[in-house]
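Undergrad:
Number of protein chains: 2
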Amino acid sequence: MEYNLDNTINHRIATLAILLKRQVYRIIAENNLEITPEQWVIMYYLWKENGLSIGEIAAKSKKDFGNVTRIIDKLEKLEYVNKRKNDKDSRIINIYLLPKAEDIKEPITKCWEKSTNITLKGISDSEQEILLNILNKIENNILENLE
Amino acid sequence: MEYNLDNTINHRIATLAILLKRQVYRIIAENNLEITPEQWVIMYYLWKENGLSIGEIAAKSKKDFGNVTRIIDKLEKLEYVNKRKNDKDSRIINIYLLPKAEDIKEPITKCWEKSTNITLKGISDSEQEILLNILNKIENNILENLE
DNA sequence: TTGTTTTATTTGTCATGACAAATATTTAAA
DNA sequence: TTTAAATATTTGTCATGACAAATAAAACAA
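Protein chains in written order, with the working numbering: chain A, 1 to 147; chain B, 148 to 294.
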């Protein structure tokens with residue numbers, strides 16, 4: 001084989017993402033929380049700015065529009081959020097956090113921190129900074145290309 | 148919010164992986180190839196070592212056992228591989244590449260290279276090396292933790 | 001040899017990627 | 001104003017994550 005996939009950055013990132021997902025799922029399960037990592041990400045953006053529209057959430061989270069719709073539907077069933085039509089433009093649906101969301105905020109954030117701590121064991125602050133910088137560049141490269 | 152998800156390495160890797168997946172899917176579609184990135188990854192390991200068992204492929208690719216079974220089933224339908232029971236231990240299924248696999252080898256490898264080139268635009272060799280090193284450390288941290 | 005444990009694979013179910021087509025509403029153009 | 005184009009969301013379908021339970025065969029123990 002001319003070419004070593006395991007030294008390819010794209011493939012390493014894809015593999016790492018799978019492992020990270022597995023890790024977070026398990027930590028969440030150990031803590032008996034009723035939420036998934038992806039659901040949490042969306043709630044995170046709502047905690048930062050309650051009432052975002054589906055489109056805004058999709059843009060911020062870089063998720064597919066349709067997938068966001070479905071994740072929101074699940075969050076609605078779990079009673080973490082509700083949907084409300086925008087008064088001025090009824091094409092737009094705004095999403096609002098419900099009280100039950102508050103219950104899960106601290107424990108799920110702790111799960112995330114736990115996962116991050118495992119990930120970063122033995123990696124210095126300066127390495128982390130370098131890593132984030134390079135990851136930023138890569139993300140910009142991809143976004144530029146995807147338009 | 149006490150805490151900025153967008154500066155979290157775990158989250159950045161997860162997001163990047165989504166964007167990378169989208170990018171590769173599109174490149175593959177532009178080239179009208181009948182394969183997915185995950186299917187390709189499995190074929191890559193077979194090109195390196197034809198006849199691997201499902202379990203070996205799962206271990207090498209770090210994918211879930213059951214998911215590998217299903218990806219192999221699809222590769223079989225596409226006539227890229229076939230399954231053969233191991234003579235000595237009939238619990239084991241070995242997977243062998245078929246001639247049709249050869250047709251796709253070069254074009255799909257090119258797609259992957261194209262995607263990698265987009266990703267790495269403006270990132271120096273030394274940065275790439277540093278990045279791979281840190282990603283290795285992270286992967287080891289996670290694997291250690293998952294057992 | 002028979003019963004138990006381990007190992008390899010399959011299958012079931014749910015969540016979320018991907019893309020495309022359908023719907024509804026608003027904006028812009030004729 | 002009526003029609004066409006653009007925008008926001010939903011829905012459909014497939015592929016692949018996750019985990020758990022089921023099946024089949026081999027290895028080990030009694």
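Just so it is clear, CB atoms sit at the ideal spot from N, CA and C, and this is done for glycine as well.
(1) Given this structure, state the Cα-to-Cα distance separating B:Ala248 from A:Glu113, to the nearest angstrom.
(2) Give a yes or no on whether 8 Å exceeds the smallest Cβ distance from B:Arg159 to chain A.
(3) Would B:Tyr150 count as contacting chain A if we go by Cβ distances under 8 Å?
(4) Going along chain A, which residues have a C-beta under 9 Å from B:Glu274?
(5) Just the Cα atoms here: how many angstroms apart are B:Tyr243 and B:Leu152?
(6) Rounded C-beta distance between B:Gln186 and B:Leu222? I'm assuming under 8 Å.
(7) Could you have a look at B:Ser237 and say whether DSSP puts it in helix, strand or coil?
(8) Taking only the alpha-carbon atoms, compute the straight-line gap between B:Asn178 and B:Leu167 and give it to the nearest angstrom.
(9) Using a cut-off of 8 Å between C-beta atoms, extract the partners of B:Gly269 located in chain A.
(10) Where does A:Ile130 sit, in a helix, a strand or coil, going by DSSP?
(11) I need the straight-line Cα distance from B:Ile201 to B:Leu290, nearest angstrom please.
(12) Taking only beta-carbon atoms, is A:Tyr44 less than 8 Å away from chain B?
(13) Apart from the five residues just before and just after A:Val24, which ones in its own chain have a Cβ nearer than 6 Å to its Cβ?
(14) Could you check where the beta strand (DSSP E) with B:Asn332 kicks off and where it finishes?
(15) Take the Cβ of A:Arg70 as the centre, count every other Cβ of all protein chains shown within 10 Å, and call the residue buried at 16 or more, exposed below.
(16) Just to confirm, is the Cβ distance from A:Thr109 to B:Tyr150 under 8 Å?
(17) Taking 8 Å as the cut-off, does the region 279-288 of chain B touch the region 119-128 of chain A (at least 3 CB pairs, one atom from each stretch)?
(18) Whole angstroms is fine: what's the gap from B:Asn241's alpha carbon to B:Asp234's?
TA: According to the structure data:
(1) Taking the first residue of the second sequence as 1, we reach residue 248 of chain B at position 101. Taking the first residue of the first sequence as 1, we reach residue 113 of chain A at position 113. Whole-angstrom Cα-Cα distance: 43 Å.
(2) Taking the first residue of the second sequence as 1, we reach residue 159 of chain B at position 12. Taking Cβ atoms only, chain A reaches closer than 8 Å to B:Arg159, which makes this a yes.
(3) Here the question's residue 150 of chain B lines up with position 3 in the second sequence. Closer than 8 Å to some Cβ of chain A, the Cβ of B:Tyr150 qualifies, so yes.
(4) Residue numbering aside, residue 274 of chain B sits at position 127 when the second sequence is read from its first letter. Chain A residues near B:Glu274: Ile130, Asn133, Ile134, Lys137.
(5) Here the question's residue 243 of chain B lines up with position 96 in the second sequence. Here the question's residue 152 of chain B lines up with position 5 in the second sequence. Cα to Cα, B:Tyr243 sits roughly 44 Å from B:Leu152.
(6) In the second sequence, counting from the first residue as 1, residue 186 of chain B sits at position 39. In the second sequence, counting from the first residue as 1, residue 222 of chain B sits at position 75. Correct: roughly 6 Å between the Cβ atoms.
(7) By 1-based counting over the second sequence, the position of residue 237 of chain B is 90. In the structure shown, B:Ser237 sits in coil (DSSP, three-state: anything other than H, G, I, E or B).
(8) Residue 178 of chain B sits at position 31 when you count from the first residue of the second sequence. Residue 167 of chain B sits at position 20 when you count from the first residue of the second sequence. Each residue's alpha carbon lies about 17 Å from the other.
(9) For the purposes of this step, residue 269 of chain B is taken as the residue at position 122 of the second sequence. Per Cβ cutoff of 8 Å: Lys137, Asn141.
(10) As a working note, residue 130 of chain A is residue 130 in the first sequence. Residue state, collapsed to three classes: helix.
(11) For the purposes of this step, residue 201 of chain B is identified with residue 54 of the second sequence, where counting begins at 1. For the purposes of this step, residue 290 of chain B is identified with residue 143 of the second sequence, where counting begins at 1. Distance between the alpha carbons of B:Ile201 and B:Leu290 is about 20 Å.
(12) For this step, residue 44 of chain A is matched to residue 44 along the first sequence. Yes, A:Tyr44 counts as interfacial toward chain B.
(13) Your numbering for residue 24 of chain A matches position 24 in the first sequence. The answer, listed in chain order, is Pro37, Ser115.
(14) Coverage of chain B is limited to positions 148 through 294, which leaves residue 332 of chain B absent and any answer about it impossible.
(15) Translated into positions along the first sequence, residue 70 of chain A becomes position 70. It is exposed - the Cβ of A:Arg70 has fewer than 16 other Cβ atoms within 10 Å.
(16) Residue numbering aside, residue 109 of chain A sits at position 109 when the first sequence is read from its first letter. Residue numbering aside, residue 150 of chain B sits at position 3 when the second sequence is read from its first letter. Yes, they are a contact pair.
(17) yes
(18) For the purposes of this step, residue 241 of chain B is taken as the residue at position 94 of the second sequence. For the purposes of this step, residue 234 of chain B is taken as the residue at position 87 of the second sequence. Going from the Cα of B:Asn241 to the Cα of B:Asp234 covers about 10 Å.
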